Structures are given as C-alpha cells and as structure tokens.
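What follows is a short report on a single structure.
2 protein chains.
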Amino acid sequence: MAGTAVRKSEAGSETPADTAPGRRERNKLQKRQRIVMAARELFQRQGFADTTTQQIAAAADIGTGTLFLYAKSKEDLLVMVFKDEMLATVRAIYASLPEAATPAEKLMSVFGQMADYHARDAELSRVLLRELVTPSSSERIGEISELMDAIFGGLTGIVASGMPDEGGNAALIARSAFALYYFQLISWLGGAFDRTRCMHLLRDQLAHLMSREASHD
Amino acid sequence: MAGTAVRKSEAGSETPADTAPGRRERNKLQKRQRIVMAARELFQRQGFADTTTQQIAAAADIGTGTLFLYAKSKEDLLVMVFKDEMLATVRAIYASLPEAATPAEKLMSVFGQMADYHARDAELSRVLLRELVTPSSSERIGEISELMDAIFGGLTGIVASGMPDEGGNAALIARSAFALYYFQLISWLGGAFDRTRCMHLLRDQLAHLMSREASHD
DNA sequence: CATCATTTTTGACTGCAGTCAGTTTATGCG
DNA sequence: CGCATAAACTGACTGCAGTCAAAAATGATG
Chain U
958 MAGTAVRKSE
968 AGSETPADTA
978 PGRRERNKLQ
988 KRQRIVMAAR
998 ELFQRQGFAD
1008 TTTQQIAAAA
1018 DIGTGTLFLY
1028 AKSKEDLLVM
1038 VFKDEMLATV
1048 RAIYASLPEA
1058 ATPAEKLMSV
1068 FGQMADYHAR
1078 DAELSRVLLR
1088 ELVTPSSSER
1098 IGEISELMDA
1108 IFGGLTGIVA
1118 SGMPDEGGNA
1128 ALIARSAFAL
1138 YYFQLISWLG
1148 GAFDRTRCMH
1158 LLRDQLAHLM
1168 SREASHD
Chain V
958 MAGTAVRKSE
968 AGSETPADTA
978 PGRRERNKLQ
988 KRQRIVMAAR
998 ELFQRQGFAD
1008 TTTQQIAAAA
1018 DIGTGTLFLY
1028 AKSKEDLLVM
1038 VFKDEMLATV
1048 RAIYASLPEA
1058 ATPAEKLMSV
1068 FGQMADYHAR
1078 DAELSRVLLR
1088 ELVTPSSSER
1098 IGEISELMDA
1108 IFGGLTGIVA
1118 SGMPDEGGNA
1128 ALIARSAFAL
1138 YYFQLISWLG
1148 GAFDRTRCMH
1158 LLRDQLAHLM
1168 SREASHD
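As they're listed, the protein sequences go chains U and V.
Take the first sequence: its position 207, counted from the start at 1, is 1164 in my numbering, and no numbers get skipped.
Take the second sequence: its position 191, counted from the start at 1, is 1148 in my numbering, and no numbers get skipped.
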C-alpha cells in the first residue's frame, strides 16, 4: 500500500493563525477537495468500473472508512465530481447562445452542446444518467434538483422569448422540451440508436413542439 | 447462446417418449422457468435489495454458478421476470381502451394504467427503470426494444386515429408522447415529485402536444 | 500540563455478486 | 453396450463496496 505514511507531514511549523472559519471545517473542506480531485482523476483515467474505492481513498491519502463519511456510495462520488462541472457547463452554454435565432434553433444549440459534453465520456455519462434517474442516496436529490432547476430556468427563458404575449405555459413547454432531449439522450447512451439519429429525431420533435408558437405571431 | 438448437435427430429410436424439441432443450426451458418463478417470488416478497442470488439459486434448486448461465446479472434476472408480464400488461391496456375518446384521453388512459402498474412495487420499478435506461447486458437491449416497439406501436395507432389525413408524423408524435410520460415516470419514481403532480403535468403536456392536431379538424 | 468529552479517522472485517477449474451428465458412434 | 466428446452444472473462491468497533486527534476546563 502506498497510502501509508506522510499523513501528518504538514504538521511542522504549524501556523496557528487564520482559523477564522474554524480549523476543523477548513480541514474538512480540504479533504473533500482532495477526494473529489482523486476521484475525478481516477474515473477519467481508468473508467468508473475499473476504479476501486480503495484506490480513490489511497490517492486522497485517507482510509477507506473516511471516504464513505464524505460520500454515501461510489456512485455518489461520481455525482460529487461532476455536478459542479455540469452546472458550470450548462451556464456557459446558456451564456454563449446566438442572439439572432429562433427558439427552436436555440434549443437545438443547447441540447447539441449538452450532448457534446456527454459524448466525451460515454461510460461516466451512463452511470451519471442512472444516478439522475434514480438517485441512490436521497441526499443527492437536492443537488440534482439544483442542476435541473438551472437547466429548466434557461430553457424557460428561451421558450418564453418566442411567445411574447402569453408566457403562462412557457415553463411547461420548456419541461416538455427537456423531456424530449432526455429521452433521446437515454436512447443514445442506452444503445438503442446512434447519436446522429437521436439528434435528428430530437430536432423533428422540437420542431413539432414549437410549431404552434411559431405560427402564432 | 441457443444457436446450437435442434441438433438432435428425431429419427433415432431411443427414448420412447416425445422428444420433439429435444430433451436438453426442454430441460433448459424448465430450468429457466424455475429460475424465473423463484426470482419473482423472492423479489416480490423481500424486495430486490434484500434478495440474494444465493437465495434465488437455492429456491430454484440449482447452484449459484448455474444461475449466472441463465442471467448475466442480478438485474438481468429482474428483466427476465418482468418483461413478459409487462408486455402482456401493455397489450391488455391497449385492448381495453374506450372506443369513444379523443386521442389525448386515450393516451392519458394508457399512461395512467402503466403508472398503476409501476405503483404496485416502487422499488422493483425503480431498478427496472434503471435497466431500461442503461441496460447492463447488451443482450437485454433486444428484449427491451421488443417492449418499446409494442408500446410505440399502440401509441402510434392512437395518435394516428386523431389525424386521418396526414399520418406521416404520427410515429414522431407518439414517440414524443412516450418521452413525456417517461420523464414524468422518472420524476415520480426518482423522488422529485409525487405521482399526482407528475400525472397532472403529463396531462397538460400532452394537451399541448396534441392541441395542434385537435384544432385541425 | 493533565484529564475528560467529543469529533474524526481508520483498516480489518463482512456480505454478496459474479467466476472458474473441476465434475457430472447427456449425446454420438462403432 | 462402451468409449469419447461435448454440454451443463457446481460450489468453493475472488474481489470489491460498504461497515463498525476501536483508536487517534482535537478541544475544553481547571
């Protein structure tokens, strides 16, 4: 085991100052950071299935028991690792949308970029998707909701921009649009169809969904 | 795989009894039946998590190794158990639809009854849903496709009945309708909202999806 | 500093899904 | 039959996620 030793190395010349947020809490944050970094590194390099929790614990320089104080399960670790990144990605996608475009085009742009993100690592995305579908730890439901809210918020804005007068059901349509995307994502990652096929289906479905609003004006 | 089937010649004059499908094959079927029955019994009585593969093997009166010759994984067993039942349920639902009803009403009837089915055992449905989303064994993809095709076929018929002239995108709309149902099912089983809320959302989404066809007449 | 209380860490341990080398059973053929 | 070969079966075994009783670290008090 390479994990032994070097535990209390930074004990020398301990700076007793700046304990404002409480030393305990700070250490906890550092440890969480270390865990997340170690998990990300290993998951990306070896894949989810081929990474053991022992490896992650060793890389984070903690015992296996400690690891499970910070994450409820191995899947939980994956959510910890990618939730923030996905949130940032989603926000970046929304921030860089083309101004002059129909709502349907904007939606396709958003979903296309999200698919790009998932295409980077299909295995991790598949496991992540499984967790989003049926969260194993109830504590993750909150985090997942946060992500969903961010996505829905952006989508609702896009949908509403195409129907200036009656924005009452913009949220409903946005939810529908996301449901259609989600189902195609599942079809693709689950192996039913390839990515191109799914994106084409999605485009057609969105066109139909939005057509009533478009022909409204 | 079963590709080596029916190599036994019925011209042989050995066993006097009916050896039409081959004794080996028959035994195999019996064994598969026993496994499925044992698994169903235990899953329903104890739940998925609290049932061990050892218990299932013992109940089916076979060794643990044999069990995994018939199912690739514990989740696989669940699909084996419930696929046929779900297929039959879906067909029964389609067979008993009210004649005089709008397509939207028919859709809600179908999805409502499907939800009833899942409501019977939420834990098993959740695991099953996870397998439908990302099948762990690629061999199940075919079985799942069969189920999906049955569902899509019925939905397409319902949708097409509401738009007599242009049935070209009935399949597309049916797929959209199912995607909306699927997403609400996930929201419900995943713990985001309760069942009533999800079914209401679904009704509104379907109303919007079908409204263009309805106002067509 | 000594003592105690509380929080945090730990790694040996448990239980289970899934495997595999070895065994048994079925089938083909002279 | 008897032998050979292939298929089916088996349960002891492996590896890993997750647990828990004990230990270490931290902090508080006099």
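Glycine included, C-beta positions come from ideal geometry on N, C-alpha and C.
For clarity, every value in this text was computed on a predicted model and none was experimentally measured.
The beta carbon of V/R1152 sits closer than 8 Å to those of A1072, A1076 and W1145, all from its chain and outside the five residues before and after it, given in chain order. Its chain contains I1108, F1109 and L1112 as the residues whose beta carbon lies nearer than 7 Å to that of U/F1135, once the 5 sequence neighbours on both sides are disregarded; these appear in chain order. Ranking U/G1114, U/F1005 and U/G1119 by CA distance to the CA of U/R1083 puts U/F1005 first. In the structure shown, the three-state DSSP call for U/F1109 is helix.
The region 1088 to 1105 of chain V and the region 1026 to 1033 of chain V touch, with three or more beta-carbon pairs separated by less than 8 Å. In the structure shown, U/T1059 falls within a coil segment according to DSSP collapsed to helix, strand and coil.
For the pair U/D1007 and U/R997, the Cα-to-Cα distance works out to about 13 Å.
Residue-level contact check: U/H1075 does not touch chain V, since none of the beta carbons of chain V fall below 8 Å from its beta carbon. For U/E1088, the uninterrupted alpha helix (DSSP H) run begins and ends at A1079 to V1090, by DSSP. Around the beta-carbon of U/G1119, 16 or more other beta-carbon atoms lie within 10 Å, marking it buried. Taken atom to atom, the span from the alpha-carbon of U/Q1012 to that of U/K985 is near 20 Å. Listed in chain order, the positions of the region 1089 to 1123 of chain U with a beta carbon within less than 9 Å of a beta carbon of chain V are L1089, V1090, T1091, P1092, S1095, I1098, I1101, S1102 and M1105. Its Cα nearest to that of V/I992, the residue V/L1026 stands out among V/L1026, V/R981 and V/A1079. Under the three-state reduction of DSSP output, U/L1054 falls in the coil class, being neither helix nor strand. At a Cβ-Cβ threshold of 8 Å, V/L1159 and V/F1039 do not count as neighbours. Excluding five sequence positions before and after U/E1100, the CB atoms of its chain that fall closer than 6 Å to its own CB belong to K1040, given in chain order. The beta carbons of V/P1060 and V/V1116 sit about 6 Å from each other, so the pair counts as a contact at 8 Å. Think of a sphere of 9 Å around the beta carbon of U/H1165: the chain V residues whose beta carbon falls inside it are N1126, L1129, I1130, S1133, L1166 and R1169, in chain order.
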